[in-house]
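Using my numbering, the first residue of the sequence shown is number 417, and each one after it goes up by one.
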Amino acid sequence: MAYVVTDPCIQCKHTNCAAVCPVDAFREGPNFLVIDPFECIDCDACVAECPEEAIYPDDEVPMEWEDYIALNEQLSEEWADHVINQAKEELPNVDQWSGKENKREHLIESWKEKPV
């Protein structure tokens, strides 16, 4: 079992979770974080650190976000060079995005797509 970052993280990208990960399993995208399922040791440390409540064990991901299981695996490979293991400032408009639902269409999957 691995942990999975889901929809609430999009456009917020708090990094407290990555800072407590003992095995550097988090990967950073332009506006989202993912967990590499092959690095995750299921320690649960990240869950309590996420203010958006976006992190779930893969067998407890809400049905509407089950596609995030595969997405975490895919993006952790694509973002392999973007390991994050320390806290950074959240995204500038976090207050506008925190608590919003259905943010998937706003996910930026490539660093090349990152808005300037």
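A virtual CB, placed ideally from N, CA and C, is assigned to each residue, including glycine. Treat the numbers as computed from the prediction; the structure is a model and nothing was measured.
> Can you name the residues that DSSP bridges to residue 449?
Replying inline: Per DSSP, the beta bridge partners of residue 449 are 444.
> Taking buried to mean at least 16 other C-beta atoms within 10 Å of its own C-beta, is residue 502 buried or exposed?
Replying inline: Exposed, since its Cβ has fewer than 16 Cβ neighbours within 10 Å.
> What residues are listed by DSSP as bridge partners for residue 438?
Replying inline: For residue 438, which the question treats as bridged, DSSP gives no partner whatsoever.
> Does any CB atom of chain B fall closer than 8 Å to the CB of residue 424?
Replying inline: This model lacks chain B altogether; it includes just one protein chain.
> Between which two residues does the beta strand (DSSP E) carrying residue 471 extend?
Replying inline: Under the DSSP assignment, residue 471 falls in the beta strand (DSSP E) whose first and last residues are 471–473.
> Since residue 440 contacts residue 455 with CB under 8 Å, what's their CB separation in whole angstroms?
Replying inline: Right, their Cβ atoms sit about 7 Å apart.
> Touch check for the region 465–483 and the region 420–437: three-plus C-beta pairs under 8 Å?
Replying inline: Yes, since at least three Cβ pairs between the region 465–483 and the region 420–437 fall closer than 8 Å, the two stretches touch.
>> Could you compute how far the alpha carbon of residue 518 sits from the alpha carbon of residue 472?
In response: Distance between residue 518 and residue 472, taken at the CA atoms: about 17 Å.
> Tell me the DSSP bridge mates of residue 421?
Replying inline: Within the DSSP secondary-structure output, residue 421 pairs in a beta bridge with 471.
>> Per DSSP, what are the beta-bridge partners of residue 499 in this structure?
In response: When DSSP reads this structure, residue 499 sits in a beta bridge with 443.
>> Tell me whether the region 444–462 and the region 484–500 touch, counting them as touching only if at least three CB pairs, one residue from each stretch, are closer than 8 Å.
In response: At 8 Å Cβ cutoff, the stretches touch.
> When the distance is taken between beta carbons, is residue 461 closer than 8 Å to residue 446?
Replying inline: No, Cβ-Cβ distance for residue 446 and residue 461 is not below 8 Å.
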